[in-house]
Amino acid sequence: MIIQLPENVKYIIDRLQTDGYEAYAVGGCVRDALLGRTPDDWDITTSAKPQQVKALFPHTIDTGIVHGTVTVMLRKTGYEVTTYRIDGIYEDGRHPKSVQYTPKLTEDLKRRDFTMNAMAYNERDGLVDIFDGERDLKAGMIRCVGEPEERFAEDALRMLRAVRFAAQLGFEIDERTRQAITKQAGLLAKVSAERIQLELVKLLISPHPEKMEDLYRLGLSAVVLPEWNAMMETPQNTPHHCFSVGEHTLEVLKRVRQDRVLRLSALFHDVAKPECRTTDEKGRDHFYGHPQVGEKRTREIMHRLKFDHATTEAVCRLVKGHDVNPEPDARCVRRTVQRLGVDCFPEMFELKYADLLGQSDYRREEKLRRLEQYRMLYEQIMERKDCLTRKELAVNGRDLLDLGVSSGRQIGEILDRLLQLVVDDPEKNTKEYLLGYTLENLFIR
Numbered sequence: 002m003i004i005q006l007p008e009n010v011k012y013i014i015d016r017l018q019t020d021g022y023e024a025y026a027v028g029g030c031v032r033d034a035l036l037g038r039t040p041d042d043w044d045i046t047t048s049a050k051p052q053q054v055k056a057l058f059p060h061t062i063d064t065g066i067v068h069g070t071v072t073v074m075l076r077k078t079g080y081e082v083t084t085y086r087i088d089g090i091y092e093d094g095r096h097p098k099s100v101q102y103t104p105k106l107t108e109d110l111k112r113r114d115f116t117m118n119a120m121a122y123n124e125r126d127g128l129v130d131i132f133d134g135e136r137d138l139k140a141g142m143i144r145c146v147g148e149p150e151e152r153f154a155e156d157a158l159r160m161l162r163a164v165r166f167a168a169q170l171g172f173e174i175d176e177r178t179r180q181a182i183t184k185q186a187g188l189l190a191k192v193s194a195e196r197i198q199l200e201l202v203k204l205l206i207s208p209h210p211e212k213m214e215d216l217y218r219l220g221l222s223a224v225v226l227p228e229w230n231a232m233m234e235t236p237q238n239t240p241h242h243c244f245s246v247g248e249h250t251l252e253v254l255k256r257v258r259q260d261r262v263l264r265l266s267a268l269f270h271d272v273a274k275p276e277c278r279t280t281d282e283k284g285r286d287h288f289y290g291h292p293q294v295g296e297k298r299t300r301e302i303m304h305r306l307k308f309d310h311a312t313t314e315a316v317c318r319l320v321k322g323h324d325v326n327p328e329p330d331a332r333c334v335r336r337t338v339q340r341l342g343v344d345c346f347p348e349m350f351e352l353k354y355a356d357l358l359g360q361s362d363y364r365r366e367e368k369l370r371r372l373e374q375y376r377m378l379y380e381q382i383m384e385r386k387d388c389l390t391r392k393e394l395a396v397n398g399r400d401l402l403d404l405g406v407s408s409g410r411q412i413g414e415i416l417d418r419l420l421q422l423v424v425d426d427p428e429k430n431t432k433e434y435l436l437g438y439t440l441e442n443l444f445i446r
């Protein structure tokens, strides 16, 4: 097996070898190259110690020197070069307390998580694959190096990474590895919210977001996202649905683009259905108010998982508006768009179409026609550039000051009243009309 190494990677490896050290490309870059994918970055492992690496290259950065890693800079690009090592005791379930350098590549490969990530390569020796990682790649299998329970006890995040890799690559997790995850899922409680968030998003924006089901089946979501368990376990006894809340959500996830905000919105759009579920005397379920409660729950979850404010707000707007279906009338649609926020469209329509197609076929054609009317009216409104925000009003705060309005609070209230006026009737968005209306109806000197 021949891997085409980038020139900079070959240069680093050759330089180390020329000085008598071993050096290999290692880990995910080798895996991706074997899969015919372009690696995001190239990591190098070597028998040289950090200070020896630093002595060979003029521009290096001590990015992780405590654990043996030096970043070599070549043409403004960084390459992590790490000394062969044996990890010490993992006291926090995430990081080794200490590392011990070793002259043996095989010892370094033993500490890695999965067989597909425990391969090394250079042009002199070819592929070094002592754990049959290439075989597992060909079989589409995620398998731990050595004993799965030991690997997960060292770093609990590896359990979530197993599912994430399966989603990114379309692979399955081998049975022994699955059993170990189920047994040790509780260890994930030791992992920081930021790391959980990162893996969850990578899973969601992968080609196979339906692997979210594995988080439930393996017991991982019970630890990091218990709301997902509730969704998977909540039936929907209604003609409009043929799946549980969680199963429906999996269908929606598959139908929206691999976009961070859209996939998070798809995941959380029905998050409040378990707590909003009621059953009438005929045995039919209802989920009154679930979008509004869902917005609140989504905000809580995303805060817990340390998402940034902008992403949280964007997702919450889509969750809140996903079940809003205005009358097929331009005024009603303008009111809806103005209330929900112009910047959450057209993503809102993508989520709504996916939501509808993930339901039963009960009245589906009728729902699709109604949604298409909504979308077409929205597009007409945008093409006409109807006023939907304060900044599009024909008057502004300065105009109101010139009228004699002095209170900042009153200016804001008047602008909001005028905005509602022109949202209902765009023809009234002229300076002359709005100032006259203000003098007659809104401003008392």
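Residues are numbered in the numbering used here as their position in the sequence shown, beginning at 1, plus a constant of 1. We put the CB at the ideal spot given by N, CA and C, even for glycine.
Mapping DSSP to helix, strand and coil, what is residue i?
{"i": "R86", "result": "strand"}
{"i": "Y289", "result": "coil"}
{"i": "L319", "result": "helix"}
{"i": "T103", "result": "coil"}
{"i": "Y363", "result": "coil"}
{"i": "A119", "result": "coil"}
{"i": "L306", "result": "coil"}
{"i": "V257", "result": "coil"}
{"i": "T280", "result": "strand"}
{"i": "V246", "result": "helix"}
{"i": "Q237", "result": "coil"}
{"i": "M2", "result": "coil"}
{"i": "H68", "result": "helix"}
{"i": "S266", "result": "helix"}
{"i": "S222", "result": "helix"}
{"i": "P329", "result": "coil"}
{"i": "N430", "result": "coil"}
{"i": "R113", "result": "coil"}
{"i": "D133", "result": "coil"}
{"i": "D425", "result": "helix"}
{"i": "I13", "result": "helix"}
{"i": "D324", "result": "coil"}
{"i": "P210", "result": "helix"}
{"i": "P227", "result": "helix"}
{"i": "P7", "result": "coil"}
Mind checking who residue i pairs with in its DSSP beta bridge?
{"i": "V73", "result": "T61, Y80"}
{"i": "V494", "result": "Outside the shown range of the chain, which is 2 to 446, sits residue 494, and nothing can be said about it."}
{"i": "G295", "result": "G295 is not bridged to any residue."}
{"i": "G127", "result": "N123"}
Taking Cβ to Cβ, would you say residue i is nearer than 7 Å to residue j?
{"i": "L394", "j": "Q339", "result": "no"}
{"i": "A168", "j": "V253", "result": "no"}
{"i": "K235", "j": "R285", "result": "For the record, residue 235 in the displayed sequence is Thr; it is not Lys. Not in contact: T235 and R285 (Cβ atoms no closer than 7 Å)."}
{"i": "V71", "j": "T78", "result": "no"}
{"i": "V262", "j": "V316", "result": "yes"}
{"i": "D324", "j": "P292", "result": "yes"}
{"i": "T116", "j": "T83", "result": "no"}
{"i": "W14", "j": "N123", "result": "What sits at residue 14 in the sequence shown is Ile, not Trp. It is a contact, given that the beta carbons lie within the stated cut-off."}
{"i": "R318", "j": "G342", "result": "yes"}
{"i": "H242", "j": "S361", "result": "yes"}
{"i": "V257", "j": "R298", "result": "no"}
{"i": "K191", "j": "A157", "result": "yes"}
{"i": "H270", "j": "V202", "result": "no"}
{"i": "I415", "j": "L401", "result": "yes"}
{"i": "V424", "j": "N430", "result": "no"}
{"i": "R152", "j": "D109", "result": "no"}
{"i": "L204", "j": "L35", "result": "no"}
{"i": "V100", "j": "D88", "result": "yes"}
{"i": "K368", "j": "L357", "result": "yes"}
{"i": "I143", "j": "A121", "result": "no"}
Considering only C-alpha positions, which residue in the set the options is nearest to residue i?
{"i": "E380", "options": "Y22, R335, M2", "result": "R335"}
{"i": "V67", "options": "F58, R86, E228", "result": "R86"}
{"i": "R186", "options": "G171, V225, S207", "result": "In the sequence as displayed, the identity of residue 186 is Ala instead of Arg. The option with the nearest alpha carbon to A186 is V225."}
{"i": "R370", "options": "E328, R410, V396, A121", "result": "E328"}
{"i": "Y217", "options": "C145, M160, Y434", "result": "M160"}
{"i": "P40", "options": "A26, K307, Q52, Q53", "result": "A26"}
{"i": "T64", "options": "L57, F58, E81", "result": "E81"}
{"i": "P210", "options": "L440, D260, E135, E148", "result": "D260"}
{"i": "L219", "options": "L404, E384, M233", "result": "M233"}
{"i": "L215", "options": "L188, A194, R179", "result": "Reading the sequence as shown, one finds Asp at residue 215 and not Leu. Comparing Cα positions, the closest option is R179."}
{"i": "W43", "options": "T107, K11, L378", "result": "K11"}
{"i": "I197", "options": "G37, A56, R305, G405", "result": "R305"}
Counting only runs of 4+ residues fully inside the stretch 137 to 198, write out the alpha helix (DSSP H) ranges in chain order. Counting whole runs of 4 or more residues, the stretch 137 to 198 contains the alpha helix (DSSP H) stretches 149 to 155, 158 to 170, 176 to 185.
Unbroken beta strand (DSSP E) runs of length 3 or more, entirely within the stretch 21 to 49: which are they? The stretch 21 to 49 is shown to contain whole beta strand (DSSP E) runs of 3 or more residues at 24 to 27, 44 to 47, in chain order.
Quick check on the DSSP output: what are the complete alpha helix (DSSP H) runs of length 4 or more inside the stretch 339 to 408, in order along the chain? Fully enclosed alpha helix (DSSP H) runs of 4 or longer: 348 to 358, 365 to 385, 398 to 404.
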